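In the numbering used here, the protein residues as written are 130 to 307.
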Ligand SMILES: [Fe+2]
Ligand SMILES: [Fe+2]
């Protein structure tokens, strides 16, 4: 079938829709993490994950709109099998880091596919996400490191929860939009 209304190839459109799903699922995973931390009594971490959940929803919408604005057909995703249990306070942050690494790999895959097809518009659009993932991974790693730097004994976990809001992206990434 000749695609008249969009310069997005079917492959790129499918990859972008998969990414919509992944960002949406991330949003729901972070929501589960917010509840989990709240149940453990770690309020700052819970708040952090609520905010993170909202951010991932914005990422989902950004890609959704790009597909629509490019003349493609964005798909509102099915979100299933959201994990609710993360083993431990530390486990939550380890899962969050793993999740961000998986997202980075997925974004990179689409950028490579876009360049391969000569789709510079999509490759250019995704540069924002490339920078965003650099920041997300950096800060997610720093949060996990708190568990080793501070230690979990005594009031350690309380102190870690206090430090969570203080973790910010490196200076080099400070010029990005959001
Ligand atoms: Fe994201
Ligand atoms: Fe993220």
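C-beta: ideal position from N, C-alpha, C; glycine also.
As the structure is a computational prediction, the values presented were derived from the model and not from experiment.
As assigned by DSSP and simplified to three states, the class of residue 290: Residue state, collapsed to three classes: helix.
Length of the line joining the Cα atoms of residue 285 and residue 223: About 17 Å.
Residues near ligand 1, criterion Cβ-heavy atom distance below 6 Å: Going along the chain, the residues that qualify are 152, 155, 185, 188 and 232.
Residue nearest to residue 296 in terms of C-alpha spacing, selected from 287, 280, 283 and 267: For residue 296, the closest of 287, 280, 283 and 267 by C-alpha to C-alpha distance is 267.
Check: residue 142 C-beta below 6 Å from any heavy atom of ligand 2: Every heavy atom of ligand 2 is 6 Å or more from the Cβ of residue 142, so no.
Assigned secondary structure, residue 279 (DSSP; H/G/I helix, E/B strand, else coil): If DSSP states are grouped into helix, strand and coil, residue 279 belongs with coil.
Cβ contact check for the segment 232-241 and the segment 163-173: 3 or more pairs under 8 Å: Taking 8 Å as the limit for Cβ pairs, the verdict is that the segment 163-173 does not touch the segment 232-241.
Span of the alpha helix (DSSP H) around residue 178: 172-198 is the extent of the alpha helix (DSSP H) around residue 178.
Between the CA atoms of residue 169 and residue 177 - distance to the nearest angstrom: Spanning the two alpha carbons is a distance of roughly 14 Å.
Sequence-distant residues of the same chain with beta carbon closer than 7 Å to residue 275, five excluded per side: Answer for residue 275: 289 and 292, listed in chain order.
Pick from 254, 185 and 180 that is closest to residue 153, judged by C-alpha positions: Distance from the Cα of residue 153 is smallest, within the candidate group 254, 185 and 180, for 185.
Any non-hydrogen atom of ligand 2 within 6 Å of residue 227 CB: No, since every heavy atom of ligand 2 falls outside the 6 Å radius drawn around the Cβ of residue 227.
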